[in-house]
Amino acid sequence: MLIKDLEKIIKEENLKGANICNANSLKPDEVVITQEDGKWKVYNTGERAGLYGVVYSFDSEEEACEDFIEKLRWKKRELELRKKIWGK
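This is how it looks when you write it as structure tokens:
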């Protein structure tokens with residue numbers, strides 16, 4: 306999977322909160338994938354749109370894209386579970 310494949314997967318799976326290569330300014334609770342200094346980076350933003358947690362660094366675009374999509378899928382499952390439990 307490559308960057309060019311992400312939009313299709315995100316749309317098909319109805320994944321929310323993706324920011325691909327800083328296509329827009331950072332927003333709260335996003336999963337971000339970007340390339341900096343020849344490395345691919347994947348990280349989350351917090352409720353104030355700042356870096357939250359660990360920045361994962363990858364040498365290959367493919368590995369970074371797989372990690373990015375997996376984080377979006379986890380986020381979707383978490384939101385579905387919260388809605389089921391708390392009705393929000």
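Quick note: to get the working numbering, add 305 to the position in the sequence shown (first position is 1). C-beta: ideal position from N, C-alpha, C; glycine also. Computed from a predicted model, the values in this text were never measured in an experiment.
Considering only Thr350, Glu366, Glu367, the residue with the shortest C-alpha distance to Val360 is Thr350. Residue nearest to Tyr357 within the set Tyr348, Gly392, Ser365, Asp372 is Tyr348 (criterion: CA-CA distance).
The beta carbon of Ile314 sits closer than 8 Å to the beta carbons of Met306, Leu320, Ile374 from its chain, once the five residues preceding and following it are set aside; these are given in chain order. The alpha-carbon of Ile325 is positioned some 9 Å away from that of Glu312.
Under the three-state reduction of DSSP output, Lys388 falls in the helix class. Comparing alpha carbon positions, the residue from Arg378, Asn327, Ile338 closest to Glu318 is Arg378.
Here Glu366 is near Trp345, since their CB atoms are less than 8 Å apart.
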